[in-house]
Structure formats: structure tokens, C-alpha cells
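Participant: Going from the sequence shown to the working numbering is simple: count from 1 and add 10. No residue lacks a Cβ here, since even glycine has one placed at the ideal position from N, Cα and C. Quick caveat: nothing in here was measured; it's all calculated off a predicted structure.
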Amino acid sequence: MANPFNFGDVAVDEGFTDREQDLAELKADIRNGQNVVVFAPRRYGKSSLIWRAAQELAASDEALVAQVDLMRVTTKEQLASKLSEAIYEGIATPLLRARDRAARIFESLRVRPMVTVEPMTGNFSFSFTAGHDAGDIDATLERLFELPAELAAERGRRVAVVFDEFQEVVALDPRLPAVMRSVFQLQPHVNDVNEPFWRSARQMELGPIPAAEFGAFIRRRFDSTGKRIDDESIAGVLAITGCHPYGTQELCYALWEETPDGTGVTGDTLERAIDRVLRAENAHFTYVWDTIPRTQRLVLQALATAPAAQLLSEEYRTRHGLPAASSVQRAAGELVGSELVARSRQGAYRIAEPFLAEWVRRFAA
Numbered sequence: 011m012a013n014p015f016n017f018g019d020v021a022v023d024e025g026f027t028d029r030e031q032d033l034a035e036l037k038a039d040i041r042n043g044q045n046v047v048v049f050a051p052r053r054y055g056k057s058s059l060i061w062r063a064a065q066e067l068a069a070s071d072e073a074l075v076a077q078v079d080l081m082r083v084t085t086k087e088q089l090a091s092k093l094s095e096a097i098y099e100g101i102a103t104p105l106l107r108a109r110d111r112a113a114r115i116f117e118s119l120r121v122r123p124m125v126t127v128e129p130m131t132g133n134f135s136f137s138f139t140a141g142h143d144a145g146d147i148d149a150t151l152e153r154l155f156e157l158p159a160e161l162a163a164e165r166g167r168r169v170a171v172v173f174d175e176f177q178e179v180v181a182l183d184p185r186l187p188a189v190m191r192s193v194f195q196l197q198p199h200v201n202d203v204n205e206p207f208w209r210s211a212r213q214m215e216l217g218p219i220p221a222a223e224f225g226a227f228i229r230r231r232f233d234s235t236g237k238r239i240d241d242e243s244i245a246g247v248l249a250i251t252g253c254h255p256y257g258t259q260e261l262c263y264a265l266w267e268e269t270p271d272g273t274g275v276t277g278d279t280l281e282r283a284i285d286r287v288l289r290a291e292n293a294h295f296t297y298v299w300d301t302i303p304r305t306q307r308l309v310l311q312a313l314a315t316a317p318a319a320q321l322l323s324e325e326y327r328t329r330h331g332l333p334a335a336s337s338v339q340r341a342a343g344e345l346v347g348s349e350l351v352a353r354s355r356q357g358a359y360r361i362a363e364p365f366l367a368e369w370v371r372r373f374a375a
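1. Taking its Cβ as the centre, do 16 or more other Cβ atoms sit within 10 Å of Asn16, making it buried, or is it exposed?
2. Decide if Met11 is buried, meaning its Cβ has at least 16 other Cβ atoms within 10 Å, or exposed.
3. Just the Cα atoms here: how many angstroms apart are Glu156 and Leu350?
4. What is the rounded straight-line gap between the Cα of Glu215 and the Cα of Val171?
5. DSSP three-state call for Gly274: helix, strand or coil?
6. Rounded to a whole number of angstroms, what is the C-alpha to C-alpha distance between Pro123 and Gly145?
7. Please state whether DSSP places His199 in a helix, a strand or coil.
8. DSSP has Arg353 in a bridge; who is on the other side?
9. Is DSSP giving Ala50 helix, strand or coil here?
10. Less than 8 Å separating the beta-carbons of Ile239 and Val275?
11. Going by CA-CA distance only, name the one from Arg372, Ala69, Ser118 and Pro14 that's closest to Glu291.
12. Shorter than 7 Å, the distance from the beta carbon of Gln44 to the closest heavy atom of the ligand ADP, or not?
13. Whole-angstrom Cβ separation of Pro51 and Ala352, contact assumed at under 8 Å?
14. Can you tell me whether Arg329 is buried or exposed, with buried defined as 16 or more other CB within 10 angstroms of its CB?
15. For Glu205 and Pro270, what's the separation of their Cα atoms in angstroms?
16. Among Arg304, Glu363 and Glu368, whose alpha-carbon lies nearest the alpha-carbon of Val338?
17. By a C-beta neighbour count over all protein chains shown, 10 Å radius and 16 as the cutoff for buried, is His254 buried or exposed?
18. Find out if the Cβ-Cβ distance for the pair Lys86, Asp233 is shorter than 8 Å.
19. Please go through the region 297-372 and give each complete beta strand (DSSP E) segment of 3 or more residues, from N-terminal end onward.
20. Below 8 Å between beta carbons: does that hold for Val48 and Ile60?
21. Three-state secondary structure (DSSP) at Asn16?
22. Rounded to whole angstroms, what is the Cα-Cα separation between Tyr297 and Leu261?
23. List the whole-angstrom C-beta distance separating Ala312 from Ala318, where the pair is believed to meet the contact cut-off of C-beta under 8 Å.
24. By Cβ distance, which residues of its chain are closer than 6 Å to Ser91, with the 5 residues on each side in sequence left out?
25. Using only alpha-carbon positions, find the residue among Leu265, Leu119 and Gly357 that is nearest to Gly277.
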């Protein structure tokens, strides 16, 4: 049978772990036209949550959702292409039914996209060539930001626009968030999910998935394939991962692979699974270790041994052989910036990257 755990990609369908309260709140916000900022450390499942909300709202015909993944967008022309395709597929086609009619909504753009039809599927794709005047591209983007609200108002439907990895837009042009905000503030029919609208949006912070919910999910996934996992083993998994969404799915993936069909997880199985994960992550962690300065390495070694409530204290620095407080503070700030280390609201530091602490203890001590 196929492995029932998923990591690395957006978790959909049965692979989505039960964030029931977060999911219910996000769906309610979209129904109500409330702007939302979803934020969390890397690999906490932001995209999975948003995609699941969009999936359920679309399935129940409560809202139309245009989802724009900006991970690999490097130019404004590419942004316009991504946004055009998302509006066309998620909003225009469901509303206008006829695909060629839906494509005509882009006739009002200052710069019209090149429309390509895939001969096998009949799907439309949109692209904007480089070389246009910057003002024309900016005007085209602004018009694209306006289109969802107009389509929603014409048809009396709720529309949500999701910008995933929104920081890529900021990198393209620091002025773009202000343009988008000015457009969206006048559009009660449009909901957006991204970072720069911080002060005008409800903030939804994702934390680790509660142990009770994650434990039930793990048991269900094992049971669905005829393999068994007991409470002690589930507790062991969650103690290792701290209920980190990505890390837990990754470890459970390895644990399922190490468990023979028709049997249950044992302590030895869990140890083999941890070894398997560390082997898989070794190239990544080695690269991280080789590319950070010596002081950052020392801080990681200390935190792998003992997370610190008082990282800069003389007692902690002396015990772990750390340099002066100013050097440690700078190194810790850089590690937090790269999301290898997390700092709680109370000021305590811990290694955030799943399994990095264990790798440091085993191979970099």
C-alpha cells in the first residue's frame, strides 16, 4: 500500500492533518470578506491550510478562489501571467462558464497577454512578454487586482484571492503592496491572504498541531494501512518532533516504511526511522553547517544540548563555551532570521529546524 504520510508538498485530502479550528476560522473569514494574514515558521503548513480552505469552499459552492503561488515569480510580467491564470481558472471560468468568454475579460488590460490553447486539453495559458514600458505593466497589474471584485459584484458571489509566498511580490517591487492595498481596500468582495496587509487584516498565527489531534491523525493513518502504532510510540514521535507539522509527517513517513506489513511499531522501529530521516536530511544539514560562521555553529551546539531561556547569560555562555554576549546575540539573531532557531515571546531560544538538533548532537558535537 502507498505510504499514508506526506511531507514536502501541500497536504491535501486525507494527508491534511486536523487543524479543524484554524480551518473553520479561515473559511468563516473568507465567507465574511475579512482580510487575513496567515503566518508561521517554515514548514508549519500555511499553504496546506489555505489550500484546504479553498478546496472545501469551492466544493460547497460558498466562494470562488483564485490561488496564486508566487514561489518562482521573478518579474512583474511573470506575476501578471500567474495572476491572469489564477483569475481565469478560479473565478472567470466558473462564473462565465464558456472558456472563450472568460478569456475575454483580459481585453481591458493595458498590456494584453498572449493566450495559448493546449491542443490536448483545451486549457488556456497566459503570458506577458518582456520589453513593455514599466508604467504599462504596472497599470496592467493594477487592473488585474481590480478584476476579481468586479466579477464577484456582477455575479453576486464571494471571491477570495490567495497570494502564497507573498514576499516574492515585495522583492519584485517594494511599492506593489501599497498598490494592492489601495485597490483591495475599495473591494469588499475580495479577500486576500498575505503578509504586507498586516495592519488591515486579522492575524492568524499557526503553531504546532495539538498533540491530541496529531496523535489521533497518526493512529488513523497507520490503521488505514493495516499497520499498528501504540500510544507509547505516538508519544515518542511527538516528543521528538515537538508536534512540528512537517517534521512529524516526515518521521511518520519513515516510521511507516520501517514497519513491516501487518505488524506494529516498536522502539527499535522508531530508532531506525530516526536514522533514516537523518540520512535523508544529512546533505541539507551539512550544507547549512558548512555555510554558517563559527559563532553560529557554537550557538547551535549549545542549543542542541539545552534550549536557552537566558542565552546571553554569563552562566549559560560559560557552560557551553560561547563567546561574548554581543557576538552570541548577533549570531542568534542571524539564526532566527534564517529560521534555523526560534525565539519564544518570553525570549527563550530553541532550534526550530526539524531534526537539526539531533543531527548536531550526533554529527557536529
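Facilitator: Answer, in terms of the structure:
1. buried
2. exposed
3. 38 Å
4. 19 Å
5. strand
6. 16 Å
7. Reliability of the predicted coordinates at His199 is poor, the pLDDT of 48 falling under 50, and the value obtained from them is presented with this limitation in mind. In the three-state reduction of the DSSP assignment, His199 falls in the coil class, being assigned neither a helical nor a strand state.
8. Tyr359
9. coil
10. Yes, these two residues count as a Cβ contact at 8 Å.
11. Arg372
12. Summarising the ligand content, the structure contains no ligands, and the ligand ADP is consequently not present.
13. 6 Å
14. exposed
15. Because the pLDDT of Glu205 is 42, which lies under 50, any placement of that residue in the model is unreliable, and the question is left without a value.
16. Arg304
17. buried
18. no
19. Within the region 297-372, complete beta strand (DSSP E) segments of at least 3 residues are found at 351-353 and 359-361, given in chain order.
20. yes
21. In the displayed model, Asn16 falls within coil according to three-state DSSP, outside both helix and strand.
22. Using only the alpha carbons, I get a separation of about 21 Å.
23. 7 Å
24. Phe136, Ser137 and Phe138
25. Leu265
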